Amino acid sequence: RDEAAPYGPEPEDEPQPAPRPARRDPDAAPADPAEVDAITAADPAQTPSVAASLGGYTHVVASGDTLDSIARDELGSTTYVGELLRANPQLSRRRALHPGDEVEIPALDVPLLAAMRNFAHDDVGLHHLVTHLTDTEWATFLAETRRRGRDDEALIARAQMVRTTDKTFGQMAASQRAFMERRAEDTGESVGTQLAAEFDKWPRTPGVEDDWREATDEQRALWTASFPAVRDAVLAVTPPEVLAMLDAHPLVWEPESMGASNYTLYSRGVMLVGVAWLVDAQKDPTSVIPTFVHEAQGHPSYAKDPDQDYLASGVFNGVFESLPEEEQAKALKGAGPIGYGYFETEIFAELMEWGYDTPQSASDHAFDVAPDGKEYDDGRVKEVEAFLKLIRDDLEPTVADGVLSGLWLRIQRDERIIPAARGLFYATAVEVFGHEP
2 RDEAAPYGPE PEDEPQPAPR PARRDPDAAP ADPAEVDAIT AADPAQTPSV
52 AASLGGYTHV VASGDTLDSI ARDELGSTTY VGELLRANPQ LSRRRALHPG
102 DEVEIPALDV PLLAAMRNFA HDDVGLHHLV THLTDTEWAT FLAETRRRGR
152 DDEALIARAQ MVRTTDKTFG QMAASQRAFM ERRAEDTGES VGTQLAAEFD
202 KWPRTPGVED DWREATDEQR ALWTASFPAV RDAVLAVTPP EVLAMLDAHP
252 LVWEPESMGA SNYTLYSRGV MLVGVAWLVD AQKDPTSVIP TFVHEAQGHP
302 SYAKDPDQDY LASGVFNGVF ESLPEEEQAK ALKGAGPIGY GYFETEIFAE
352 LMEWGYDTPQ SASDHAFDVA PDGKEYDDGR VKEVEAFLKL IRDDLEPTVA
402 DGVLSGLWLR IQRDERIIPA ARGLFYATAV EVFGHEP
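And the structure:
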């Protein structure tokens, strides 16, 4: 880790970093995704099913055990009670279990994805399940599941993070808290204060000042009257696939709430827009199109439930829950634990957006180069690099590597992120972290 983030493991435990690569030539072609995307290159139709081997041992009954709890804890689901009864003919639903009784846990081969779903909320169980797979079995599973819908992508990425770190999320949370406590000793900022302050670190290029609340009634009326025509002008130049996104998330003029948050565009089931958006769209209707993709497709695709789907949430929720009440109260004055998950969803949404990006775009850019290969010189924040640096600097090193690995897997597996964006992400991650994601 660099000098800006010296709070990793003790020196004797610090792994030697890979040599830092030379800075990427902006004029060079992006990394060939065929070279960095091998994990998903297999044809899913040609790969065998990967099963999880469960059971095959004797369980000694403890106080409070029931057939349902044993089936859930040992095999992942109460649906396996029937299997327990078949393997233990001396048992029945009517017969009480007593401490010290022995119950044979039958050996079962369960499709891996089904087993992962069953153990999704069992931290230790999920770790045991996925870390006992060989690299070949895991790669086969990834190829097999790539094009079978997106509902399980967050779970698969969490499993990738567990495999990368070889830690449960509880263990990662303990490592992260210790990391933040060491930082607190140097900075004087407690762990709760650090959790609260993460919003303040988010990279942003200053936008249009919020003029709505200070504007005259006449100016407000002019802005409001102009919105329908500006909206129609934007929709007239919006590509068909992006228009389809706006069918589900229509544009809604809401300058009061947008002014308060100072967002140009914000998705809350609909696309809320305000003065900043209107000013940008009046200058150039095409400049606001990339943000539609970012908000309507990028963020909703990455997480349906941020508490469950952000990779960092499983870590920072644990950090938050371990804190005393006074530190939790400090954290909730700002970002709280959810702030750290924003890094990964913002990168993902930026990559979705990048294929539509131009020098005229009203939002910040993903990279320092446009899809046509031209460099930007507008001084705007390059968000992928900026957020990767926050992951590197503010997460404990093992946790940071886990988030990077899980995020990279999600990027590789989503065909809506164009190959050139994947290649640029890969090159940027190597540059920031000093090793492959």
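Heads up, the sequence shown is in the working numbering, so the first residue is 2 and it goes up one at a time.
Beta carbons are placed, not taken as given, at the ideal position from N, Cα and C, and that holds for glycine.
This one's a predicted model, so the numbers in the text were calculated from it and none came from an experiment.
- Per DSSP, ASP124 is one residue of the alpha helix (DSSP H) stretching across 124 to 132.
- The Cβ neighbour count for LEU244, taken over all protein chains shown within 10 Å, is under 16; the residue is labelled exposed.
- Cβ neighbours of ALA234 within its own chain (closer than 6 Å, five residues either side excluded): PRO286.
- With respect to LEU396, VAL404 sits close: the two C-beta atoms are nearer than 8 Å.
- Within 10 angstroms of the beta-carbon of TYR58 lie fewer than 16 other beta-carbons, which makes it exposed.
- Residue THR225 holds the alpha-carbon nearest to the alpha-carbon of VAL253 among LYS202, PRO204, THR225.
- Residues VAL61, VAL62 of the same chain have their beta carbon placed closer than 8 Å to that of ASP102, with the five preceding and five following residues left out of the count.
- Taking the Cα of LEU279 as reference, the smallest distance to any Cα among GLN195, GLU437, ARG232, GLY342 is reached at ARG232.
- Inter-residue distance for THR359 and ALA52 is about 46 Å (C-alpha atoms, whole angstroms).
- Here ASP402 carries a helix assignment [DSSP, helix/strand/coil].
- Ranked by Cα distance from THR292, the options ARG205, ALA350, THR194, GLU154 are led by ALA350.
- The beta carbon of PRO372 is closer than 7 Å to those of TRP355, GLY356, ASP358, ALA421 in its chain, skipping five residues each way along the sequence.
- CA-to-CA, the gap between PHE434 and MET246 works out to about 34 Å.
- In this structure, the beta-carbon distance from ALA88 to THR79 does not fall below 8 Å.
- In the DSSP annotation of this structure, HIS295 is not part of any beta strand (DSSP E), being labelled neither H nor E.
- Between ALA174 and SER323, the CB-CB gap stays under 8 Å.
- The criterion of a C-beta distance shorter than 8 Å is satisfied by PHE388 and GLU347.
- Under the DSSP assignment, ASP212 falls outside any alpha helix (DSSP H); it carries neither an H nor an E label.
- Taking VAL382 as the centre and dropping the five residues before and after it, the same chain places the C-beta of PRO204, ARG205, THR206, ASP365, HIS366 closer than 8 Å to its C-beta, in chain order.
- With distances taken between CA atoms, TRP409 lies nearest to VAL385 out of PRO398, VAL385, ASP394.
- If you compare the alpha carbons of ARG414, PHE344, ASN318 with that of GLN172, the shortest gap goes to ASN318.
- Residue pairing by DSSP puts TYR58 in a beta bridge opposite ILE106.
- Secondary structure note for LEU114: its alpha helix (DSSP H) is the uninterrupted segment 113 to 119.
- GLU345 and ALA179 have their alpha carbons spaced roughly 22 Å apart.
- In the structure shown, TYR303 adopts helical secondary structure according to DSSP, grouped into three states.
- Secondary structure at TYR311: coil, using DSSP grouped into helix, strand and coil.
- If you look at LEU86, you'll find it in the alpha helix (DSSP H) that goes 82 to 88.
- Look at ALA363 here: in three-state DSSP terms it is coil, with no helix or strand label.
- Close CB contacts of PRO438 within its chain, under the 7 Å cut and outside five residues either way in sequence, are with LEU405, SER406, TRP409, TYR427, ALA430 (chain order).
- Spatial neighbours of GLU219 in its own chain (CB-CB distance under 8 Å, excluding positions within 5 residues in sequence) are not present.
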